[in-house]
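Asks: The following block contains the structure, expressed as structure tokens.
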Amino acid sequence: MNRAATAPATLHGLLYYAGLTWFLCRVSLRRLVTYRADFLLGAIGFVVRTGVQCLLIGIVFNWVPTLDGWTRDEVLFLFGFALLPRGLDRLFTDWLWFVAGRLVYTGEFDRYLVRPLRPLYSIVAERFLWPDGAAELIVGISLVGYAGHRLDVPLWSAGTLVVAPLCVLCGALIYASVKLLCASLAFWVLISHPTMHAANQVAEFAGFPVGLYPAPFQWVLTWVLPFAFTATVPVAYLLSGEPGQLVWLPVVTAGAVAVALAAWTRGLAAYRSTGN
Amino acid sequence: MAGSVVRYLAFVGVGFQSVLRYRASFFVSVATTATTTAVVVFLWRAVYQHPSHPAPGGFTLPTITTYLLVAQLLIRLHDNRVDSEFANDIMTGNIAVALARPARYPLMRFCLAVPVIVADLLLVALPVLALFAWLFPLRWPGAADLALFAVAAACSVVLAFAVNLITGMHAIVTTNTWGVTLLKTTVVGLFSGGLVPTDAMPAPLAHAAALLPFRSMIDTPVRLFLGRYDTTADALRLLAHQALWTAGTVLLCALLWRRLVVRIGVLRG
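The listed protein sequences derive, respectively, from chains W and Z.
With my numbering as the guide, the letters of the first sequence map in order to residues 1 to 276.
With my numbering as the guide, the letters of the second sequence map in order to residues 1 to 269.
Structure (structure tokens):
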């Protein structure tokens, strides 16, 4: 195997991976054009689901002016923003679901070990630019734009344009880390899909202000499965300008990524293919 | 007749064995059900605890908690995955083997699902109910309301099965299964009262919900559980309304199946 080409730490390696990513994204776009109806059905299902959730927010705020100090438009802004890191993560790492559900169990994972690439890259590269993630991003951006406009959030100020994308990126890394950690468990327990599903379900809490939940829940959502950092924390900053817990975002993201990568590396070492 | 009952009981046995094989999944199911329930419960509890005391739909804090909890548990029992399993049978071509068996396919699917539903009730719904009963004060029904609820809940399971099977039939025509399933889950969730109790819905939405069968899946059983009806005749009317929708949907399911089964093409064969 050509080590120089596969070690991303060198400049040559980085360029190689960047070129490959560009190529694989183009392959994905071609797949999208081929299976247009499939994409449309998925997108319609997703848009209707988001619409119903917005309707729920609307109905709730018909009854009360504020919830935990948040107004209707603020909650809509939060709900839309929460879709962005989720969508960005789905756009690039959704093949991890198959590591958790099938690839390790059946031994198909072998295929990724013999490719002249980092196994983790080779795994996630199966689904670069997954279109379902794009639907989430488009709906999320529309909601943030609509609610941000009504709230007079300075969406086009230099500060927002720098901080908001960074927050979305960190949030996506947190989502990817939780997924990677759950997927890595499969190396020991063979199928970790249910665990991953459960962790993913907890992310549903992120669509609403974490202040709605009792203190122990808030603590778990902030420091154990840190989904609070994917939405509530950055949105609180964007709406008020007060950094609050935002200063912890880089630390939490780095911590989550480090834990997930450590689990992946150890799991990879523990991987024994199927017996026969 | 007796022979055919025995034949279908065999499928119930197979379904039961699959339940035993995947015991661990029920623990995870408890966690996911508790999580989805908690999101809705905390959201609505925040509304009812608001200082302005809006009390939408005339619920109190314990009754709204009970409503949403029982609604989410029913949704769990209705989620029998028959839509995705049916769609999978079509896509893989396994349907050919199933059709060759001397049993009606929809009935066979129902028999396979029954043990899963019973296991979901005992191993998922009851533990989650116990968890929330420990966390929050709930409103418990009397013996009569509990009996009415049991009948309505059983009926709703049949209705949900028919709705799921109809959803699964789209796989004969298209290949994207999760998009359509997501659409169904969303529409049913909204109009059944699972997300917003029908009494707290804005008028246009409540009117739409009244015209659709989905209300019988969640709102009717939960309403009986909470005793939210005026007279016994009222309660019986609710049950009759639900039975009518169930019979109609099952009939529609059977008709669609007869029309579509001839269109199934296995690997272009």
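Quick reminder that beta carbons are idealized off the backbone N, C-alpha and C, glycines included.
The structure displayed is predicted, hence computed values, not measured ones.
Comparing alpha-carbon positions, which option in W:A183, W:L20, W:G51, W:R30 lies nearest G189 of chain Z?
Replies: Here residue 189 of chain Z refers to the residue found at position 189 of the second sequence. Checking every option, the nearest Cα to that of G189 of chain Z belongs to W:G51.
Asks: Determine whether the Cβ of M217 of chain Z lies closer than 8 Å to any Cβ atom of chain W.
Replies: Along the second sequence, read from residue 1 onward, the residue named residue 217 of chain Z stands at position 217. No, M217 of chain Z lies away from the interface with chain W (no Cβ there is under 8 Å from its Cβ).
Asks: When Cβ atoms are compared, which residues of the segment 17-45 of chain Z fall closer than 7 Å to chain W?
Replies: Listed in sequence order: S25, V28, A31, T32, T35, T36, V39, F42, L43.
Asks: Does DSSP classify L117 of chain W as helix, strand or coil?
Replies: The residue given as residue 117 of chain W occupies position 117 in the first sequence. Correct three-state label for L117 of chain W: coil.
Asks: Would you tell me roughly how many angstroms separate the C-alpha atoms of A270 of chain Z and G57 of chain Z, rounded to the nearest one?
Replies: The requested residue 270 of chain Z does not occur in the structure, where chain Z is confined to residues 1 to 269.
Asks: Within 10 angstroms of its Cβ, does H53 of chain Z collect 16 or more other Cβ (buried), or is it exposed?
Replies: Here residue 53 of chain Z refers to the residue found at position 53 when the second sequence is read from its first residue. So H53 of chain Z counts as exposed.
Asks: Just how far apart, CA to CA, sit A143 of chain Z and T249 of chain Z?
Replies: Stepping through the second sequence from its first residue, residue 143 of chain Z is reached at position 143. Stepping through the second sequence from its first residue, residue 249 of chain Z is reached at position 249. In a straight line, the C-alpha of A143 of chain Z is about 30 Å away from that of T249 of chain Z.
Asks: Whose CA, out of W:E108, W:L268, W:V252, W:G80, lies closest to the CA of H149 of chain W?
Replies: The residue given as residue 149 of chain W occupies position 149 in the first sequence. If we check each option's Cα against that of H149 of chain W, W:G80 comes out closest.
Asks: Would you verify that the beta carbon of A4 of chain W is, or is not, closer than 8 Å to some beta carbon of chain Z?
Replies: Here residue 4 of chain W corresponds to residue number 4 of the first sequence, with the count starting at 1. Its pLDDT being 45, under 50, A4 of chain W is placed unreliably by the model, and the measurement read from it follows with that caveat. Closer than 8 Å: no.
Asks: Using 8 Å as the limit for Cβ to Cβ distance, is W264 of chain W near chain Z?
Replies: Sequence index remark: in the first sequence, residue 264 of chain W carries index 264 (1-based). W264 of chain W does not count as touching chain Z.
Asks: Consider the Cβ of R26 of chain W: report whether some Cβ of chain Z lies at a distance smaller than 8 Å.
Replies: Within the first sequence, the letter at position 26 stands for residue 26 of chain W. Answer no: the Cβ-Cβ gap between R26 of chain W and chain Z never drops below 8 Å.
Asks: Pick out the complete beta strand (DSSP E) segments inside the segment 223-275 of chain W, 3 residues or longer, and give them in chain order.
Replies: Segments of the beta strand (DSSP E) lying fully in the segment 223-275 of chain W: there are none.
Asks: Going by alpha carbons, who is nearest to V162 of chain W out of W:S122, W:A228, W:P234?
Replies: The count along the first sequence starts at 1 and reaches residue 162 of chain W at position 162. Among W:S122, W:A228, W:P234, the Cα nearest to that of V162 of chain W is on W:P234.
Asks: Determine, using beta carbons only, whether C155 of chain Z and T246 of chain Z come nearer to each other than 8 Å.
Replies: Here the question's residue 155 of chain Z lines up with position 155 in the second sequence. Here the question's residue 246 of chain Z lines up with position 246 in the second sequence. Taking 8 Å as the Cβ cut-off, C155 of chain Z and T246 of chain Z qualify as a contacting pair.
Asks: Apart from the five residues just before and just after W70 of chain W, which ones in its own chain have a Cβ nearer than 6 Å to its Cβ?
Replies: On the first sequence, residue 70 of chain W is found 70 positions in, with the first residue counted as 1. P209.
Asks: So, is the C-beta of F77 of chain W closer than 8 Å to a C-beta in chain Z?
Replies: The residue labelled residue 77 of chain W in the question sits at position 77 within the first sequence. No, F77 of chain W lies away from the interface with chain Z (no Cβ there is under 8 Å from its Cβ).
Asks: Put L129 of chain W into one of helix, strand or coil per three-state DSSP.
Replies: As a first step, residue 129 of chain W is located in the first sequence; it is residue number 129 there, counting from the start. Here L129 of chain W sits in coil by DSSP.
Asks: Out of Z:L205, Z:L73, Z:Q49, which has the shortest C-alpha to C-alpha gap to A130 of chain Z?
Replies: One-based indexing of the second sequence puts residue 130 of chain Z at position 130. If we check each option's Cα against that of A130 of chain Z, Z:L73 comes out closest.
Asks: Is the shortest distance between the beta-carbon of P243 of chain W and the beta-carbons of chain Z less than 8 Å?
Replies: Position 243 of the first sequence, counted from the first residue, corresponds to residue 243 of chain W. Not one chain Z Cβ lies under 8 Å of P243 of chain W.
Asks: In the DSSP assignment, find the alpha helix (DSSP H) that holds I174 of chain W and state where it starts and stops.
Replies: By one-based count along the first sequence, residue 174 of chain W stands at place 174. Unbroken alpha helix (DSSP H) run through I174 of chain W: 158-189.
Asks: How many angstroms separate the CA atom of I218 of chain Z from the CA atom of R127 of chain W?
Replies: Taking the second sequence and counting its residues from 1, one reaches residue 218 of chain Z at position 218. Taking the first sequence and counting its residues from 1, one reaches residue 127 of chain W at position 127. The alpha-carbon atoms of I218 of chain Z and R127 of chain W are separated by roughly 38 Å.
Asks: Going by other Cβ atoms of all chains shown within 10 Å of its Cβ, with 16 needed for buried, is F161 of chain Z buried or exposed?
Replies: By 1-based counting over the second sequence, the position of residue 161 of chain Z is 161. The residue in question, F161 of chain Z, is buried, as its Cβ has 16 or more Cβ neighbours within 10 Å.
Asks: Am I right that V168 of chain W and P85 of chain W are in contact with their C-beta atoms under 8 Å? What's the rounded C-beta distance?
Replies: Taking the first residue of the first sequence as position 1, residue 168 of chain W is located at position 168. Taking the first residue of the first sequence as position 1, residue 85 of chain W is located at position 85. Yes, V168 of chain W and P85 of chain W are in contact; Cβ-Cβ is about 5 Å, under 8 Å.
Asks: Under 8 Å between beta-carbons, which chain Z residues line up against A228 of chain W? List them in chain order, please.
Replies: One-based indexing of the first sequence puts residue 228 of chain W at position 228. Per Cβ cutoff of 8 Å: no residues; A228 of chain W is ~14 Å from chain Z at best.
Asks: Provide the residue span of the alpha helix (DSSP H) that contains D83 of chain Z, from first to last.
Replies: Here residue 83 of chain Z refers to the residue found at position 83 when the second sequence is read from its first residue. It spans 82-92 - the alpha helix (DSSP H) in which D83 of chain Z sits, taken as one unbroken run.
Asks: Answer with yes or no whether the minimum CB distance from R263 of chain Z to chain W is below 8 Å.
Replies: On the second sequence, residue 263 of chain Z is found 263 positions in, with the first residue counted as 1. Chain W, which has no Cβ nearer than 8 Å to the Cβ of R263 of chain Z, makes this no.
Asks: Out of Z:T65, Z:A38, Z:A34, state which residue places its alpha-carbon closest to the alpha-carbon of Q49 of chain Z.
Replies: As a first step, residue 49 of chain Z must be located in the second sequence, where it is residue number 49. It is Z:T65.
Asks: Comparing alpha-carbon positions, which option in Z:L255, Z:I166, Z:L212, Z:R139 lies nearest L69 of chain Z?
Replies: Stepping through the second sequence from its first residue, residue 69 of chain Z is reached at position 69. Of Z:L255, Z:I166, Z:L212, Z:R139, the residue nearest in Cα terms is Z:R139.
Asks: Quick one: Cα of T177 of chain Z to Cα of V247 of chain W, how far?
Replies: Working through the second sequence from its first residue, we reach residue 177 of chain Z at position 177. Working through the first sequence from its first residue, we reach residue 247 of chain W at position 247. Looking at the two C-alpha atoms, the distance is approximately 42 Å.
Asks: What three-state label does DSSP hand L195 of chain Z in the structure shown?
Replies: Residue 195 of chain Z sits at position 195 when you count from the first residue of the second sequence. Coil at L195 of chain Z, not helix or strand.
Asks: Could you give the C-beta distance for T32 of chain Z and Q201 of chain W, rounded to a whole number, given that I count them as a contact under 8 Å?
Replies: Within the second sequence, residue 32 of chain Z is the residue found at index 32, counting from 1. Within the first sequence, residue 201 of chain W is the residue found at index 201, counting from 1. About 5 Å; that satisfies the 8 Å criterion.
Asks: Spatial neighbours of V128 of chain Z within its chain, please: CB distance less than 7 Å, with the 5 preceding and 5 following residues excluded, ordered by chain position.
Replies: Taking the first residue of the second sequence as position 1, residue 128 of chain Z is located at position 128. V30, T33, A34, T37, L73.
Asks: Sort out for me which residues DSSP pairs W70 of chain W with in a bridge.
Replies: Within the first sequence, numbered from 1, the residue matching residue 70 of chain W stands at position 70. Partner(s): W:L67.
Asks: Compute the Euclidean distance between the alpha carbons of T230 of chain W and A113 of chain Z, then round it to the nearest angstrom.
Replies: Within the first sequence, the letter at position 230 stands for residue 230 of chain W. Within the second sequence, the letter at position 113 stands for residue 113 of chain Z. Roughly 38 Å between the two C-alpha positions.
Asks: Helix, strand or coil: how does DSSP classify H149 of chain W here?
Replies: For this step, residue 149 of chain W is matched to residue 149 along the first sequence. Three-state result, H149 of chain W: helix.
Asks: Just checking: is the beta-carbon of G45 of chain W within a distance shorter than 8 Å of some beta-carbon in chain Z?
Replies: Within the first sequence, the letter at position 45 stands for residue 45 of chain W. Yes, G45 of chain W lies at the interface with chain Z (some Cβ there is under 8 Å from its Cβ).
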